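Reading the sequence shown from the start, the letters are residues 1 to 90 in the working numbering.
Don't be surprised by glycine CBs; every beta carbon is placed ideally from N, CA and C.
Since the model is a prediction, treat every value here as computed from it, not as a measurement.
The structure under discussion appears below in the form of structure tokens.
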Amino acid sequence: MATETLLSRSDCPEHQRLRKQLNGLLFTYRDMLAALDNVSTIDEFEEAYERAEEVHLLFVRTRFDLLIHIQRHGCTTIESLERKIAAATF
Ligand SMILES: [Zn+2]
1 MATETLLSRS DCPEHQRLRK QLNGLLFTYR DMLAALDNVS TIDEFEEAYE
51 RAEEVHLLFV RTRFDLLIHI QRHGCTTIES LERKIAAATF
């Protein structure tokens, strides 16, 4: 259900901004995890892992901000209604 919410589209600028930020953080985190395979020492690994975890925490916080925004603003509810109207029309 959370994934569906994150993948949904909205015309709300703040919703779009948060979703864009969330996607950026997700890709950055994924790349940073992949880069862990290329480190040669345990110290390098721990340093790279800590940096990746900072991005991960930012991702979790931004995801929370988006969910709170949706709850307060109701922009997904409006969009769901629009989707239902569109589905009924076509
Ligand atoms: Zn909104």
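Give a yes or no on whether the C-beta atoms belonging to L25 and T76 are separated by under 8 Å.
It is not a contact, given that the beta carbons lie outside the stated cut-off.
Assign R72 to buried or exposed, taking buried as 16 or more other Cβ atoms, counted over all protein chains shown, within 10 Å of its Cβ.
Counting Cβ neighbours within 10 Å, R72 comes out exposed, since fewer than 16 surround it.
Taking three-plus beta-carbon pairs below 8 Å as touching, is the segment 53-61 in contact with the segment 16-32?
Because the criterion of three Cβ pairs below 8 Å is met, the segment 53-61 and the segment 16-32 touch.
Is the beta carbon of E14 within less than 7 Å of some heavy atom of ligand 1?
Yes, the Cβ of E14 comes within 7 Å of a heavy atom of ligand 1.
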